[in-house]
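Trainee:
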Amino acid sequence: MERRLIETMLSFSSEPCVVLNRGLHVVAGNDLARSSFALQAGDTFLDWVLNAPLEKHKLTACFGSTAQIRFAMQTEAGQGLTACGWRLGGAFQSHDLIAVKLVETLRIKTGFANMTTAHRSNLQRAKRLHLQKIRLEQENQVLATQVETDPMTGLLNARGLHRMMEDAIAQRKVFALFYIDMNGLKVINDALGHEAGDQAIQTLARAIKENSRDRDVAARIGGDEFALLALHVHSTNVLRDIGEAIATTLAQHSVILPGERVQQLSAAMGIARYPDNGDTIQDIEKAADRAMYASKRMALTTVIAGDPRNRSIADALQSSIVGRPCGP
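Okay, so the sequence shown: first residue is 27 according to our numbering, each after it adds one.
(1) DSSP puts residue 198 in a beta bridge; with which residues?
(2) Since residue 299 and residue 202 should fall inside the 8 Å C-beta cutoff, what is the C-beta to C-beta distance between them, to a whole number of angstroms?
(3) Go through its chain and collect everything with a Cβ distance to residue 133's Cβ below 8 Å, but skip five positions before and after it.
(4) Could you pull out every residue in the same chain whose Cβ sits closer than 8 Å to the Cβ of residue 126, ignoring the five residues on either side in sequence?
(5) So what's residue 27 in DSSP terms, helix, strand or just coil?
(6) Comparing alpha-carbon positions, which option in 291, 289 and 264 lies nearest residue 297?
(7) Taking the alpha-carbon positions, what's the residue 350 to residue 312 distance?
(8) Sorted by chain position, which residues of the same chain lie with C-beta nearer than 6 Å to residue 176's C-beta, five sequence neighbours on each side aside?
(9) Residue 63 to residue 166, Cα distance in whole Å?
(10) May I ask which residues mark the beginning and end of the beta strand (DSSP E) holding residue 269?
(11) Where does residue 288 land, buried or exposed, given buried means 16+ other C-beta within 10 angstroms?
(12) Does the segment 273-289 touch the segment 207-214, meaning 3 or more C-beta pairs lie closer than 8 Å?
(13) Check residue 94 in the structure and name its three-state DSSP category.
(14) Mind checking which residues open and close the beta strand (DSSP E) that includes residue 285?
(15) Please state if the CB of residue 322 and the CB of residue 258 are separated by a distance shorter than 9 Å.
(16) Check whether the segment 316-331 touches the segment 264-274, taking contact to mean three or more Cβ pairs, one atom from each stretch, closer than 8 Å.
(17) For residue 19, I'd like the list of residues in its chain whose CB is within less than 6 Å of its CB, leaving aside the five on either flank, ordered along the chain.
(18) Tell me which same chain residues have a C-beta within less than 8 Å of the C-beta of residue 135, skipping the five on either side of it?
(19) Report the residue from 30, 106, 149 and 181 whose alpha carbon sits nearest the alpha carbon of residue 76.
(20) In this structure, does DSSP put residue 134 in helix, strand or coil?
(21) Could you tell me whether the Cβ atoms of residue 204 and residue 314 are closer together than 9 Å?
(22) Less than 6 Å between C-beta atoms, sequence neighbours within five positions excluded: which residues of the same chain meet that for residue 55?
(23) Where do the N-terminal and C-terminal ends of the alpha helix (DSSP H) with residue 213 fall, by residue?
(24) Residue 251 by DSSP, collapsed to three states: which one?
(25) I'd like to know whether the C-beta atoms of residue 179 and residue 231 end up nearer to each other than 9 Å.
(26) Report the partner residues of residue 234 according to the DSSP bridge assignment.
(27) So what does DSSP say about residue 188, is it helix, strand or coil?
(28) Return the residue from the list 121, 193 and 192 that minimises the CA-CA distance to residue 32.
(29) For the beta strand (DSSP E) holding residue 295, just list the boundary residues, first then last.
(30) Please report the distance separating the alpha-carbon of residue 34 from that of residue 52.
(31) Just how far apart, CA to CA, sit residue 262 and residue 181?
(32) Which partner residues of residue 108 appear in the DSSP bridge assignment?
(33) Less than 9 Å between the beta carbons of residue 292 and residue 191, yes or no?
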């Protein structure tokens with residue numbers, strides 16, 4: 027890599043030039059040095075010139091100063107030349123290299139300086155771009171999280187839930203979708219105001235979160251309607267246990283209505299399973315919504331779509347307000 031970089035620098039010069047190490051061997055040369063004088067990497071420079079003490083002394087002196095040292099020299103072929111040499115600085119100052127050009131000009135020194143500056147600038151620019159990329163990725167992640175998060179509860183919103191369901195269906199993962207709707211929220215809002223209603227909603231959100239498993243995903247899909255995406259669940263008993271746990275936790279909270287009336291918090295829950303109850307998000311949501319409405323209508327805690335134990339309310343499932351909007 028270093029030799030290629032040096033040769034790239036040498037290509038800026040319109041004169042034959044080479045780079046020598048302390049052994050006075052050619053480290054690199056440009057095309058003019060190769061074509062005009064047959065000098066190339068690996069050659070011994072003193073074998074090419076008349077090995078006079080003065081020439082060797084002048085060449086060696088170049089390693090001690092970045093100032094140009096000019097001297098006359100003659101090749102073994104009899105060519106008389108004016109050489110100019112100096113120690114390379116900047117990126118190559120620790121390499122003990124000198125540049126030698128065979129006519130008097132400052133062009134190659136300028137080329138080396140420009141290439142070194144450009145190299146440093148490119149490194150700094152690459153670092154800035156990398157840091158900028160990391161910062162943009164972090165900002166995009168924050169924005170994506172905000173777009174998919176319900177601000178009141180900190181749970182996912184309907185958009186975030188749909189993305190998780192799309193991923194699960196794409197990977198053919200078995201899952202169950204709970205639709206959960208709070209009972210009596212309108213009564214609380216009318217009697218005590220929306221601040222009390224919001225507190226009740228947050229209580230339901232905590233009950234869902236506390237009783238779901240680490241792999242499950244809770245979401246608020248609108249108003250007092252929630253959803254729970256339970257991944258890798260096959261057993262209806264497990265689904266019922268989750269539903270009963272949410273209901274039990276929620277029932278531990280109550281509100282005092284006017285007239286000292288105590289209202290325990292409760293919710294209706296309907297559950298649909300993929301792929302048992304449908305192959306698409308819309309199918310699963312419709313099945314969960316109908317089961318949830320049947321739960322509310324029949325005063326049951328949890329209804330699982332297609333569960334044989336729900337045959338007694340099959341008619342309710344089929345006739346649950348035809349045409350009622352389903353899903354979020």
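Here a beta-carbon is modelled for each residue, glycine too, at the ideal position from N, C-alpha and C.
Mentor: In short:
(1) Answer is none; residue 198 lacks a bridge partner.
(2) 5 Å
(3) Note that residue 133 scores a pLDDT of 45, beneath 50, so its modelled location is shaky and nothing firm can be said.
(4) 43, 44, 45, 46, 71, 85, 88, 109, 110 and 111
(5) Its pLDDT being 46, under 50, residue 27 is placed unreliably in this model, and the coordinates cannot settle the point.
(6) 264
(7) Residue placement at residue 350 is flagged as unreliable, the pLDDT there being 41, under the threshold of 50; a coordinate-derived value is accordingly withheld.
(8) 183 and 246
(9) 59 Å
(10) Taken as a continuous stretch (DSSP letters only), residue 269 belongs to no beta strand (DSSP E), being part of the alpha helix (DSSP H) at 262-277.
(11) exposed
(12) yes
(13) coil
(14) Per DSSP, residue 285 belongs to no beta strand (DSSP E) and is neither H nor E.
(15) no
(16) yes
(17) Here the chain covers residues 27 to 354 and nothing more, so residue 19 does not appear.
(18) For residue 135, the pLDDT reaches just 49, beneath the cut-off of 50, and the residue's location in the model is therefore unreliable, leaving the point undetermined.
(19) 106
(20) Unreliable positioning characterises residue 134 in this predicted model, as indicated by a pLDDT of 47, which lies under 50. A coordinate reading is not provided.
(21) yes
(22) 44, 65 and 66
(23) 211-218
(24) strand
(25) yes
(26) Looking at the DSSP assignment, residue 234 forms no beta bridge with any residue, so it has no partner.
(27) helix
(28) 121
(29) 293-300
(30) 15 Å
(31) 25 Å
(32) 98
(33) no
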